[in-house]
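Residue numbers (the numbering used here), protein chains in the order written: chain A, 1 to 314; chain B, 1 to 576; chain C, 1 to 345. From the three backbone atoms N, C-alpha and C, an ideal C-beta is built for every residue, glycine too.
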Amino acid sequence: MNLAAFLFRRLWQMIPTMLGVVLLVFLLFNWVGGDPAYVLAGKMANPDDIANIRHQLGVDRPLWEQLLIFVRQIVTGDFGNSWATREPVSEIFRTRLGPSLVLLVPMLVLETFVAIVVALAVAALRGSVLDRTLMVTSTVMMSISLLIYIIVGQYVFASLLGWFPVKGWSDHLWRNLTTYAVLPILLGLMVSVAPSVRLYRTFILDEVGQDYVRTARAKGLSERRILLVHVLRNAAIPIVTNVLMGLPALLTGAFLLERFFAIPGIGREIIMAVERSDFPIIKAATVYVAMATLLANLLGDLLYRALDPRVHFE
Amino acid sequence: MLGAGAATPEKVLHLELSAAETGFDPVMTSDLNTASIEQQLFESLLTYDYLARPVKLIPRLAAAMPTVTDQGRTWVFGLKRGVYFSPDPVFKGQKREVTAQDVVYTLMRFMDPKNRSPYKFLVEGRIMGLDELGEAARSIGHFNYDAKIPGLEVLDRYTLKIRLKTTDYNFSHAMAQPMYGIVAREVIEGYAGDTASHPVGTGPYRLARWTRSSLMVLERNPNFRHEIWDFDPGSDPESQRIVAQMRGKTIPQIDRVEIQVIEESQSAWLSFGKGELDMIGLAGQFAPIALHGARLKPALAQRGIRLDRISDPSIAYYFINQQDPQLGGMSKERIALRRAIFMAQNDEEMIRVIHKGQAVRNAYPIPEGVAGADPGYRSLLDFNPGEANLLLDRMGYAKGADGYRRQPDGSPLAVRYTSSLSSQDRELDEMMKKALDRLSIRFESEKLKFPEILKAERQCRVQIRLSAWIADYPDGDNFMQLWYGPHTHENNGSCYQDPVWDRLYEKSLTMPDSPERDAIYHQLARLLELNGVTKVSTTHIRNVLFQPWVIGFKAHPILPSVWSLLDIDVNRVPQP
Amino acid sequence: MSAMTPEPSAGLWTLAWRRLQRDRVGMTALIVVGCYLLVVLLALMGWVATDWTREVGVNYAPPVFMADDQDETAQPSRVEQGPSGPIPLYGLQDPLAAELAAIRARHPGAQVFTEAPRRLSLPLGGDKWGHDVLTKVIKGSETSILVGLVAAVLATLLGTVMGAVAGYFGRWMDDALNWLYGVFTAIPYLLLVFAIAAVLQQKGVVTLVLILGLTGWTGVFRLVRAEYLKHKTREYVLAAGAMGASHARRMFIHILPNTSHVILVQLSQNVVGFIKSEVILSFLGFGVPVDVVSWGSMLNEAQNELILGKWWQLAAAGVAMAILVTAFSMLTDALRDALDPKLRY
């Protein structure tokens, strides 16, 4: 089967999944997601005001009509305005995505780099004391809650030692990267590196057992060359796929870091939206992240198939 | 932080907000965080004197205090001349002066259903002809801003006559709210749909940069009129010191105000400690780091950090839903049960453990600093678990085999306490559980998001809750209305509908602040206790800490922000 | 479990056990986890930490090794009670006047409410109320571990049954369940949690277990489905079918034991994951109610205590949790090695 047909089939398969996501989110939040009218109406609102607000938000319409509106919003990509702040939802995502990425991309890159280096070292020395020590260390590291890392890390490194600013964000990419994002990134790494090390170690060990490695050894190639060139090249495939597929989930998962370090990112915005029952943002976030997840999966698959000659489009 | 080539360094004030702002169209604002910024961008007709205590109204955009005639029904406001809006492309390069017509437009906006204004209650039902315009807008779909109504009459370019439907001595307070800051029609219409991000007012500052829910930068409004800092200190030595430092300076002294949203209180506190913030409202749970009782800890005082504390014009009060099938009703048993529940609340422990001493016991519905307050008021419902238990025993709430009390008719009894998901509310859950444990009453917890709590409360579905109210304006009525029968489904969360009480309250409405009104207020407060409707528990203390280089700060109970009245001693600001 | 395990695969478990015994790290981890489970059992039986709600120490009682570090808010409640003079009624009638008069006649005089004396220091310190942190950690272990275990069993059960059905029957069943899997994995975890929490409404430990269980089944589903796809065409399954074994029998009596190592490892991974998730859920306000204590609720409470200098609750809960999670993860690794010797990791 050729690439175009494969792509077409996969994209086609996404439609029912997206429909499921849309339906589920719509039902869950419309049914039980809260009624923001009471907050928006202020401290002294009367039932007339509530009715007026509900009417303006459109939550007094029949469910099927609201669902249709939701579907139309997805198709047009226009989710209207936030109920709490009246900011266009598209604007919210456009402006909050940047800070999230400034935090996440370096984190992901560093995480992958560190994890590969450690995993290679561990794999080269497997069974040794170093291997065991590193594995135990990484297990301990990932056993501590991110909440503790943040609370203690912010207190010790930003406040007591004063190595970093306690919080903050600017409009300048470089300043953010070199000043404000450093501590959050490092703290995030504390919990995220260890699982990657463990996973990549298995990828690498998988490759080490393959025939081509034995062949290479027989040809007299140095152990280092085998590991760094041959093994790594092949292990890179699952690693890259893994990184790619993990990205969308990270986008919402960094809310703890964003809140404590006052970074205006997506995760924090979503928590805020849920607290305010700001349905347009919740809907849009779900749809966007779901789409990103599906596309990332597809991209991962494509990459996997493109790089690994053993897998064919089917 | 030096401006390029500038001889004098720029004065910058760094501040925090504990929750994100919502947007800067005053008519749509409901939260104090946003209002604190709007206070600097927009100007209302009146405002409060910075130093006078008890607080006193003074003119802001008005040239003088209004002339009130016709028993508080006719108000004539004269405007200052030569007041200009901050520059905006909408004005096409022209300087745009504020006129009486702008005031009319601003007031009309509150009744426009499209704006769904949270603060319209301050004018609703008051101005002749205005509510009718709002009604009409609902039926025809748009608000007629060109209509002439008897309540809002422009006498000349700078003079406005407002006619009220009934006597209302609190109308002047409404005109001092930051939400009632004057806007220009062409700006609102020019940015229709996006007014929240185009604040154009006459205040000392304008919004220079805005990263939503993260950072707001205010800079001087170049069109701000020449105004001189001049307040009377009275006898307070701290105020006298401030006056000595500030009198005669032009407003504003500070060039830029940078406000950052910091939701986690640990982050805010650590930032202040490092000097990244110039001022901070000390969160109650952190009081022990900074304060020793009412005083600053020596370590901070040595760094020159200063503290100003005032009693917040607010109350925290328990209420029980009077229409609840299990707790409501006026039978003796139910009244006794409710009063017993209130008497089991240990306010002293709440102040000490949860508020870390930064609150005071206040049993009266009107807090200190608000007209009608009575700090000497003694409650019938003070902590007294012994008597509460005896009362329950006597009323037939016998304990079952499981050790918990049952209703007099033998059916099971459990009290459901409603609170939000925040960690502060988790501590309050603990307080309520301890209280009910003291009475051997089964405790149930209902955790809801804040919007859901409001909804449940408005629908009279809450059983018991600890709620809070902060003064919109410093008059007792703003508090007493919380139990008015017709306000059920609005903000009378106790759903208390008692003809005796309502009659008394309505009588109080026709009176200005006076001993006669106070007498009625005392009866109202006592009735709430006797009938087991509410227990007023505590009043918070607001602690503001500021760095040594901040000059002229004094906490104000009502004004949401006073930044334009401050100064910074640039020589003391640490250089990076 | 043993009832469902047919004779031939008993060898697998014996072999695995022998391999595990040779793994020193694995055995250490097993012992540590065993100790925790013992504590849970003891707490469950009501033999330890039953009185964690008692306020035995002063507020923020320091640990014994730093007993001098007393908090200034630490004083037992002492409140004057009863009227010290008549309170004016402003001309109103007290509906309970008769009852109160009768009570006061029988119990005359003002009462003073005093609490039992409290200890100035506690083994691992006290929290803001004066609860013993050591007792709380023990009781919290019970909650956190049970929540983790039960939720993991729930998630694994859901994932296994759905994975088995999807993999075994294939076709539209597979499509439908795969679709569900796709939907659940596409929705951001955070929003899924909020949504499910909103649906469940009911507060309490059960909600927490359901949130974790209903969001955590997808990993198990994927692996079990893959296993069933592989196994359903194997000879032993076909043979069982030929001998008249029902679908259910083939799925759960024949194939299940051969996938049990995958399931066990997943179960163990889920326990670890859920114990950690409980902390975050507590932070978001979806944790245990106030009459229950868990590690998550402790960490959340202790969040602001570190900069007050009251670090002991944060440390106690954090360390207790880190040790268990580390041991459990290592046990999971050891189990995987032991159960599937073909794997080199």
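Within chain B, partners of residue i - CB distance below 8 angstroms
i: K136 (chain C); result: Chain B residues near K136 (chain C): none, gap ~13 angstroms exceeds 8 angstroms.
i: Q303 (chain C); result: Q266 and S423
Cross-strand partners of residue i (DSSP beta bridge)
i: Y84 (chain B); result: B:E97
i: D475 (chain B); result: B:A371
i: D156 (chain B); result: B:T159
i: G78 (chain B); result: B:T159
i: S467 (chain B); result: B:Y317
i: T218 (chain C); result: According to DSSP, T218 (chain C) bridges with nothing at all.
Cβ of residue i within 8 angstroms of any chain B Cβ
i: F313 (chain A); result: Confidence at F313 (chain A) is low in this model, with a pLDDT of 47, below 50, so its placement is unreliable and the value that follows should be read with caution. Chain B contact via Cβ: absent.
i: I94 (chain C); result: Going by the sequence as given, residue 94 (chain C) is Asp instead of Ile. Yes - at least one Cβ of chain B is within 8 angstroms of the one on D94 (chain C).
i: N59 (chain C); result: yes
i: D51 (chain C); result: no
i: N2 (chain A); result: no
Min CB distance residue i to chain C below 8 angstroms
i: P9 (chain B); result: no
i: D278 (chain B); result: no
i: R426 (chain B); result: yes
i: V71 (chain A); result: no
i: L294 (chain A); result: yes
i: W501 (chain B); result: no
i: L421 (chain B); result: yes
i: K161 (chain B); result: no
Listed by chain order, chain B residues near residue i by CB distance under 7 angstroms
i: Y90 (chain C); result: H522, Q523 and R526
i: K128 (chain C); result: V353
is_contact[residue i, chain A] using C-beta, thresh 8 angstroms
i: V265 (chain C); result: no
i: L2 (chain B); result: Below a pLDDT of 50, predicted positions are generally treated as unreliable, and L2 (chain B), at 41, falls in that range; no measurement from the model is reported.
i: L191 (chain C); result: yes
i: R344 (chain C); result: With a pLDDT of 40 at R344 (chain C), under the threshold of 50, the predicted position of this residue should be treated as unreliable, though the coordinate-derived value follows. Chain A, which has a Cβ nearer than 8 angstroms to the Cβ of R344 (chain C), makes this yes.
i: K310 (chain C); result: no
i: K139 (chain C); result: no
Interface partners of residue i on chain A, CB under 7 angstroms
i: A20 (chain B); result: M272
Within chain C, the residues that residue i reaches when beta carbons sit closer than 9 angstroms
i: Y304 (chain A); result: Per Cβ cutoff of 9 angstroms: no residues; Y304 (chain A) is ~16 angstroms from chain C at best.
9 angstroms Cβ cut-off: residues of chain A touching residue i
i: I307 (chain C); result: I151, Y155 and S159
Boundaries of the alpha helix (DSSP H) in which residue i is found, first to last residue
i: F286 (chain C); result: Counting along the chain, F286 (chain C) falls outside any alpha helix (DSSP H), and DSSP gives it neither H nor E.
i: M45 (chain C); result: R24 to M45
i: M431 (chain B); result: S423 to R438
i: T67 (chain B); result: Where T67 (chain B) is concerned, there is no enclosing alpha helix (DSSP H), although the beta strand (DSSP E) it sits in stretches over T67 to T69.
The ligand GDP heavy atom lying under 7 angstroms from the CB of residue i
i: Y84 (chain B); result: Only the bare structure without any ligand can be found here, which leaves the ligand GDP out of the picture.
Terminal residues of the beta strand (DSSP E) in which residue i lies
i: E99 (chain C); result: From DSSP, E99 (chain C) is part of no beta strand (DSSP E) but of the alpha helix (DSSP H) over A97 to R106.
i: H230 (chain A); result: No beta strand (DSSP E) holds H230 (chain A); DSSP gives it neither H nor E.
i: L161 (chain A); result: Unbroken run through L161 (chain A): none, as it is neither H nor E.
i: W210 (chain B); result: Y205 to T211
i: P59 (chain B); result: L57 to P59
CB contact flag (residue i, residue j, <8 angstroms)
i: T166 (chain B); j: R295 (chain B); result: no
i: I16 (chain C); j: M330 (chain C); result: The displayed chain sequence assigns Ala, not Ile, to residue 16 (chain C). Cβ distance not < 8 angstroms, so A16 (chain C) and M330 (chain C) don't count as in contact.
i: G476 (chain B); j: I366 (chain B); result: yes
i: S331 (chain B); j: Q177 (chain B); result: no
i: W295 (chain C); j: A317 (chain C); result: yes
i: K220 (chain B); j: Y205 (chain B); result: It is Arg, not Lys, that sits at residue 220 (chain B) in the sequence shown. Cβ distance < 8 angstroms, so R220 (chain B) and Y205 (chain B) count as in contact.
i: R465 (chain B); j: P385 (chain B); result: no
i: V25 (chain C); j: R201 (chain A); result: no
i: Q253 (chain B); j: D567 (chain B); result: yes
i: F221 (chain C); j: V271 (chain C); result: no
i: G201 (chain B); j: L41 (chain B); result: yes
i: H305 (chain B); j: L32 (chain B); result: The amino acid occupying residue 305 (chain B) in the given sequence is Ile; His does not appear at that position. Their beta carbons are not under 8 angstroms apart, which means I305 (chain B) does not touch L32 (chain B) by this criterion.
Contacts that residue i makes with chain B (C-beta to C-beta distance below 9 angstroms)
i: P47 (chain A); result: R458, H489 and E490
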